[in-house]
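Student: Chains as they are written, first to last, in the working numbering: chain A, 19 to 323; chain Z, 19 to 323; chain F, 19 to 323; chain S, 19 to 323.
4 protein chains.
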Amino acid sequence: MTKFKGVVPPVVTPLNPDLTVDYPSYTRVLEHLIDAGCHGVFVLGSTSEVIFHDEKTRRDIIEHSAKVVNGRVPLIVGVIDPTTDRVITHAKVAKAAGADAVVVTAPFYTVTSQSEILDHFRYIRDAVDVSLVAYDIPVCVHVKLQRQTVVTLAREGAIIGLKDSSGDDGNFRYALLDLAEHKDVFLMTGSEIVVDTALLMGAHGVVPGIANVDPHGYVRLWNAAQRGDWTAAKKEQERLCRLFEIVWVAQGRVSGGAAGIGAFKTAMRSLGIIDSAVMPRPRASLNEAETARIDEILRAAGLLN
Amino acid sequence: MTKFKGVVPPVVTPLNPDLTVDYPSYTRVLEHLIDAGCHGVFVLGSTSEVIFHDEKTRRDIIEHSAKVVNGRVPLIVGVIDPTTDRVITHAKVAKAAGADAVVVTAPFYTVTSQSEILDHFRYIRDAVDVSLVAYDIPVCVHVKLQRQTVVTLAREGAIIGLKDSSGDDGNFRYALLDLAEHKDVFLMTGSEIVVDTALLMGAHGVVPGIANVDPHGYVRLWNAAQRGDWTAAKKEQERLCRLFEIVWVAQGRVSGGAAGIGAFKTAMRSLGIIDSAVMPRPRASLNEAETARIDEILRAAGLLN
Amino acid sequence: MTKFKGVVPPVVTPLNPDLTVDYPSYTRVLEHLIDAGCHGVFVLGSTSEVIFHDEKTRRDIIEHSAKVVNGRVPLIVGVIDPTTDRVITHAKVAKAAGADAVVVTAPFYTVTSQSEILDHFRYIRDAVDVSLVAYDIPVCVHVKLQRQTVVTLAREGAIIGLKDSSGDDGNFRYALLDLAEHKDVFLMTGSEIVVDTALLMGAHGVVPGIANVDPHGYVRLWNAAQRGDWTAAKKEQERLCRLFEIVWVAQGRVSGGAAGIGAFKTAMRSLGIIDSAVMPRPRASLNEAETARIDEILRAAGLLN
Amino acid sequence: MTKFKGVVPPVVTPLNPDLTVDYPSYTRVLEHLIDAGCHGVFVLGSTSEVIFHDEKTRRDIIEHSAKVVNGRVPLIVGVIDPTTDRVITHAKVAKAAGADAVVVTAPFYTVTSQSEILDHFRYIRDAVDVSLVAYDIPVCVHVKLQRQTVVTLAREGAIIGLKDSSGDDGNFRYALLDLAEHKDVFLMTGSEIVVDTALLMGAHGVVPGIANVDPHGYVRLWNAAQRGDWTAAKKEQERLCRLFEIVWVAQGRVSGGAAGIGAFKTAMRSLGIIDSAVMPRPRASLNEAETARIDEILRAAGLLN
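1) Tell me the DSSP secondary structure of T130(A) in three-state form.
2) Report all residues from its chain with a CB closer than 7 Å to the CB of F262(Z); omit the five preceding and five following residues, and keep chain order.
3) Can you list the residues of chain A that E174(Z) reaches, using a CB-CB cut of under 7 Å?
4) Against chain F, with Cβ distances strictly below 9 Å, would S131(S) count as a contact?
5) Taking 9 Å as the threshold (beta carbon to beta carbon), is A216(F) in contact with chain A?
6) Give a yes or no on whether the minimum CB-CB distance between G220(F) and chain A is below 9 Å.
7) According to DSSP, is G96(A) part of a helix, a strand, or is it coil?
8) Check the Cβ-Cβ distances between R212(Z) and every residue of chain S, and say whether any is below 9 Å.
9) Three-state secondary structure (DSSP) at M206(A)?
10) Would you mind listing the alpha helix (DSSP H) stretches within the region 244–285 of chain F that are 4+ residues and don't spill past its ends, in chain order?
11) Cβ of M19(A) less than 9 Å from any chain Z Cβ?
12) Please name the residue, chosen from F126(A), A152(A) and F204(A), that lies closest to I69(A) on a Cα-to-Cα basis.
13) If you draw a straight line from the C-alpha of A117(A) to the C-alpha of K201(Z), how long is it?
14) So which residues on chain Z does G185(S) lean against when the C-beta distance must stay under 9 Å?
15) Look at V151(A) and I177(A) and say whether their C-beta atoms are less than 9 Å apart.
16) Locate the beta strand (DSSP E) running through R152(F), then write down its first and last residues.
17) Can G96(A) and L62(A) be called in contact, C-beta distance under 9 Å?
18) Which stretch, first to last residue, makes up the beta strand (DSSP E) that contains A15(S)?
19) If you measure beta-carbon to beta-carbon, which residues of the region 261–291 of chain Z are closer than 8 Å to chain A?
20) Could you pull out every unbroken alpha helix (DSSP H) segment of at least 4 residues lying fully inside the region 186–230 of chain A, listed in chain order?
21) In angstroms, rounded to a whole number, what distance separates the CA positions of T167(F) and T167(S)?
22) Hey, does Y153(S) have any beta-carbon neighbour from chain F nearer than 9 Å?
23) Where does S303(Z) sit, in a helix, a strand or coil, going by DSSP?
24) Under a Cβ-count criterion, where at least 16 other Cβ atoms within 10 Å of its own Cβ denotes burial, should E306(F) be classed as buried or exposed?
25) Would you mind working out which of V224(A), E134(A) and A109(A) sits nearest C56(A), comparing C-alpha positions?
26) Should S209(F) be flagged as near chain C, meaning a C-beta pair shorter than 9 Å?
27) For the alpha helix (DSSP H) that contains D40(Z), what are its first and last residues?
28) Taking the C-alpha atoms as reference points, what is the distance between M19(A) and V91(A)?
29) Can you list, in chain order, the residues of its chain whose CB lies under 7 Å from that of A145(A), leaving out five sequence neighbours each side?
30) Should A198(F) be labelled buried (16 or more other beta-carbon atoms within 10 Å of its own) or exposed?
31) How long is the line joining the alpha carbons of L205(F) and T65(F), rounded to whole angstroms?
32) Assess, as a yes-or-no matter, whether the region 300–319 of chain F is touched by the region 278–287 of chain F under the definition of 3 or more beta carbon pairs within less than 8 Å.
33) Give every residue of the same chain whose Cβ lies closer than 6 Å to the Cβ of T101(S), excluding the five residues on either side of it in the sequence, and list them in chain order.
34) Measuring only between beta-carbons, confirm whether C259(F) sits less than 9 Å from chain A.
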């Protein structure tokens with residue numbers, strides 16, 4: 019059985035006003051997640067705004083994360099860039115810095131076929147001796163990892179897991195069914211709002227961005243599901259769905275990405291977890307009215323007094 | 019009046035079998051284009067497979083190009099990466115290496131609004147003292163540079179030009195109309211197959227990928243249009259449309275991108291311009307049957323005996 | 019509490035070789051569904067190939083259905099056509115013929131805004147004294163009924179329910195949460211493969227096309243969920259997921275719609291429920307090899323010896 | 019050589035406040051177009067809001083149109099509905115009422131493959147003895163008539179022409195090239211804003227919606243192109259592009275379709291051609307502020323004092 023499972027939040031990357039990483043805040047985020055009982059951490063994912071960071075910053079983040087986590091939970095690292103050989107470079111750095119597994123998307127900017135996606139994962143697997151997790155995120159890369167692609171890669175050992183952020187729950191279910199005999203493969207949903215149902219389907223883990231704000235909620239949800247108490251799981255999920263509505267507060271004024279991660283950061287600042295809610299360029303930060311609205315939602319969810 | 023105009027091919031990047039850049043072949047490509055009378059060259063664009071190259075390789079390509087071109091024609095350089103500050107890093111390198119202008123897309127992987135796109139260009143303009151050309155390529159970045167975005171950036175001086183590879187000729191025409199008074203702004207179409215009509219609309223330049231294969235044809239087309247001989251321009255364009263059909267020979271077996279640029283490379287190899295038709299990973303090269311079919315098309319176009 | 023709930027299959031419309039409706043087979047389909055314990059029937063939906071039927075045929079189908087059903091379960095009728103006043107005409111016919119409720123999509127062919135969609139439903143509601151169910155099926159009408167649109171219509175009483183075939187389970191969940199206090203509103207999922215999880219979320223009903231083939235399975239699934247036995251519900255669902263794979267047998271040779279409904283008809287013919295698997299023009303019927311493969315899947319699901 | 023060619027406007031359908039057709043206004047529209055020198059009229063197309071009209075209204079419109087046109091120019095009639103046999107019914111009515119040709123889209127609501135689209139046209143051709151024009155309008159039917167589909171249908175005689183409203187000018191050009199030897203086939207662009215360039219490519223006709231407002235402009239443009247005066251054609255086109263901006267005046271408040279055809283009707287009312295600018299449900303009419311802005315654009319285009 020794989021050591022990867024459970025609640026594995028994609029870690030928000032707090033920034034200083036000069037756009038450098040705010041490592042003291044970053045350390046507090048990691049401690050906050052581990053203290054709450056999360057089963058792993060996923061750094062340098064989309065929620066971490068990985069795509070805004072250059073190679074040196076990425077290396078620093080991984081090394082800092084490895085030092086803080088210190089083996090207490092698995093450290094999963096996103097190695098996200100457009101094409102195969104650039105990903106290989108990131109993967110080597112991640113392995114050297116102590117990643118337990120790396121997370122790889124389909125190529126992007128370049129338009130790829132499923133056949134090229136298969137080769138992409140195989141080339142990376144052959145080039146770096148580190149476990150690969152496939153990341154299905156069509157909203158960012160504009161191609162879906164099809165069921166057959168994921169199943170083929172898992173069966174031939176090219177990947178050890180999947181993070182499914184496609185929103186296609188039916189397809190995710192078929193991957194679970196197809197790989198049911200492969201006990202060493204773990205399949206995680208990237209959704210925040212259908213975690214109870216993904217667990218009912220048999221998902222091995224969940225990667226909810228908003229767990230940065232409320233990790234305890236997702237750990238309770240996970241525990242309820244593990245003991246088969248689906249009523250409790252559902253009730254916790256519904257509370258978290260209401261909390262998740264912070265991501266739409268700024269939508270329209272800013273892009274969906276800026277509204278969502280900006281809301282996470284704004285909430286974490288209100289909760290004292292991080293010092294500032296600075297966003298990388300060209301994203302704009304949330305404003306005062308939006309912050310006030312987010313604070314209301316935090317209060318309704320029982321997170322803020 | 020701007021110094022940028024005319025036929026400005028996006029330069030194919032020939033590779034060695036070990037995936038390094040084949041500089042002797044690369045030099046021949048540049049000489050081939052300049053000898054044919056092209057009015058500029060655009061290196062490190064989508065046709066150059068820029069997105070597959072790491073920072074060091076990009077720097078080497080720019081420096082090599084600057085040395086070969088040596089001021090004979092303007093050197094325009096793509097600085098294409100997902101987010102603002104990463105693009106700024108590339109733009110500084112390009113400027114230092116002698117670029118006359120740099121070409122910038124909207125952010126990608128991250129989903130952006132038009133407002134964030136405006137800021138993206140403004141931040142880059144403020145950070146680097148080099149002329150910016152906006153690159154509208156929704157097929158790669160999955161967002162359109164809207165007419166109002168382009169016109170706003172041009173009017174405020176943030177960009178000096180546009181390369182429109184969106185296929186939306188009506189929108190391109192409105193940009194031409196809206197900016198007709200701005201004589202220092204140049205608007206180029208990225209299409210290969212409607213160059214005559216783009217020139218009739220008033221386009222200032224054209225960036226046809228297949229000009230790597232047949233630059234003389236596009237120079238003749240440009241000259242015919244300049245003297246108002248639209249019948250000759252159309253006739254030349256129709257011949258080039260038939261030549262352009264090489265890009266579909268391998269489609270289906272490989273992705274559209276691999277089929278298209280693979281066809282350019284295959285044709286250039288058949289014509290003796292470059293030594294090999296190697297593709298960057300995960301793209302596959304064209305096979306023998308596809309090469310034979312491409313050679314047939316080259317013969318029909320009068321390029322091969 | 020609404021009288022609508024439970025398993026409400028969208029009824030397949032069997033055809034004769036001359037493309038007229040095969041009413042003896044049609045009657046058997048209805049009896050098959052009601053005998054199995056289905057809680058309602060939905061005729062003239064997408065699975066019924068409503069869009070291929072003219073006004074007279076639709077009227078005949080409704081009248082025939084009303085006669086066969088004879089009040090044993092609710093009769094829900096699709097009134098699907100592109101624009102408001104054409105839908106009103108169908109709705110009047112459906113009401114006169116005995117429909118308990120009618121199912122209305124967003125307008126199609128014409129591109130509409132959410133505001134026009136709101137008006138569309140309100141105009142129909144005002145014109146015909148019959149209960150409306152909103153049908154969210156973006157794959158056919160190419161616009162999503164947004165959460166706020168559905169909630170607004172439900173709260174103002176313009177609709178009494180929703181059939182959600184959008185595949186967006188997160189959005190469906192929010193509609194359930196937003197309307198939790200409205201006990202007279204029923205929300206149904208159109209999915210076949212996530213019925214257990216939709217019921218865990220609190221869905222009031224399910225509209226699975228493949229229930230035409232195996233209604234007993236979905237009734238068992240519903241009953242398991244009603245008594246809170248989620249393990250049994252999941253197990254039944256997983257069996258049905260394997261059965262559902264018949265819809266992909268012909269995909270590629272014919273369109274997805276023809277492959278899916280063609281598979282339902284082919285399976286129902288193999289099971290002796292209907293006499294022929296004729297498809298309306300321009301759809302092609304499944305061939306012998308595809309039928310053999312479908313029979314294999316039926317055997318694996320325990321439906322065929 | 020075909021009798022179809024030139025400027026063939028899609029005729030706006032004026033409505034009375036009770037949503038019936040305003041035939042006196044409708045007659046004036048037809049006379050206005052024929053007097054201006056248009057070479058044909060296309061009734062019951064998308065611009066005619068065909069999809070809002072029931073069978074009886076459509077029949078009345080065709081019969082009225084045939085009576086008014088009275089053979090002075092060809093009468094082309096849209097027979098637009100979702101599926102094959104429903105289109106056949108409309109086509110028979112159109113033929114009986116005097117249509118010179120009928121215009122057929124791909125199926126819609128149902129998702130179709132290119133193979134099914136081929137069969138769709140063939141079934142209609144076999145069922146009705148009337149000339150078919152293929153209508154490529156992916157924005158409404160959500161599938162493209164691919165180049166090979168159009169060329170196949172034209173070569174086998176199933177269609178005699180094409181109305182291309184896809185905005186894909188490159189693809190249109192290839193259809194022109196592929197069918198250059200078929201002198202009996204006519205290919206028309208549905209665009210308003212690239213008519214000069216479509217004619218340079220060799221288009222046989224143009225179907226501009228805004229010709230309802232300014233038919234003289236398009237006739238002048240056509241005539242300039244016929245005599246090879248591309249400078250004059252371009253200049254006329256640019257004036258018409260500025261006029262066409264009326265279609266965006268209401269966009270955002272209402273859907274794009276309502277904004278566009280609503281603008282045509284509003285302008286035609288201001289010009290005294292029709293009596294009211296009523297829109298079919300659920301579309302909203304333009305308001306006073308929007309009308310005032312449209313009148314300004316009409317004045318700038320020299321159409322209103």
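Cβ atoms here follow ideal geometry from the backbone N, Cα and C, with glycine treated the same way.
None of these values were measured; they are calculated from a predicted model.
Tutor: Taking the structure as given:
1) Shown here, T130(A) sits in coil according to DSSP, grouped into three states, outside any helix or strand.
2) Cβ-Cβ distances below 7 Å link F262(Z) to E210, I211 and I228 in the same chain, with the five nearest sequence neighbours on each side left out; the list follows chain order.
3) In chain order: nothing, as chain A lies at least about 16 Å away.
4) S131(S) counts as touching chain F.
5) It does; some Cβ of chain A falls within 9 Å.
6) With 9 Å as the cut-off, G220(F) counts as an interface residue toward chain A.
7) Looking at G96(A) - three-state DSSP - the assignment turns out to be strand.
8) Correcting the residue identity first, residue 212(Z) is Val in this sequence and not Arg. Chain S contact via Cβ: present.
9) Three-state DSSP puts M206(A) in a strand.
10) Listed in chain order, the complete alpha helix (DSSP H) runs (minimum 4 residues) inside the region 244–285 of chain F are 248–262.
11) Summary for M19(A): the model assigns pLDDT 48, below 50, so the residue's position carries little reliability; its value from the coordinates is reported in the next sentence. No, because no Cβ of chain Z sits closer than 9 Å to the Cβ of M19(A).
12) With respect to the C-alpha of I69(A), the residue from F126(A), A152(A) and F204(A) having the closest C-alpha is F126(A).
13) Taking the straight line joining both Cα atoms gives about 54 Å.
14) Those within 9 Å of G185(S) in chain Z are G185, D186, D187 and G188.
15) Result yes, Cβ atoms of V151(A) and I177(A) sit closer than 9 Å.
16) First, the residue type needs correcting, since residue 152(F) is Ala and not Arg in the sequence shown. In the DSSP assignment, A152(F) falls within the unbroken beta strand (DSSP E) covering L150 to D154.
17) Result yes, Cβ atoms of G96(A) and L62(A) sit closer than 9 Å.
18) With chain S represented from 19 up to 323, any question about residue 15(S) goes unanswered, as that position is not in the structure.
19) Hits within the stretch, in order: V272, S273, G274, G275 and A276.
20) The region 186–230 of chain A contains these whole alpha helix (DSSP H) runs: 187–196 and 213–219.
21) Approximately 38 Å, taken between the alpha carbons.
22) Not one chain F Cβ lies under 9 Å of Y153(S).
23) Coil at S303(Z), not helix or strand.
24) Under this definition E306(F) is an exposed residue.
25) Considering only alpha carbons, the answer is V224(A).
26) No chain C is present in this structure, whose protein chains are A, Z, F and S.
27) For D40(Z), there is no enclosing alpha helix (DSSP H), since its DSSP letter is neither H nor E.
28) The predicted model places M19(A) with a pLDDT of 48, which falls under 50 and marks its position as unreliable; any figure quoted below should be read in that light. The straight-line gap from Cα to Cα measures roughly 16 Å.
29) Cβ neighbours of A145(A) beyond the five flanking positions: I106.
30) With fewer than 16 Cβ atoms within 10 Å of its Cβ, A198(F) is classed as exposed.
31) Between the C-alpha atoms of L205(F) and T65(F) there is a straight-line separation of about 19 Å.
32) Three or more beta-carbon pairs separated by less than 8 Å link the region 278–287 of chain F to the region 300–319 of chain F, which places the two stretches in contact.
33) P125.
34) By the rule that beta-carbons nearer than 9 Å mark a contact, C259(F) touches chain A.
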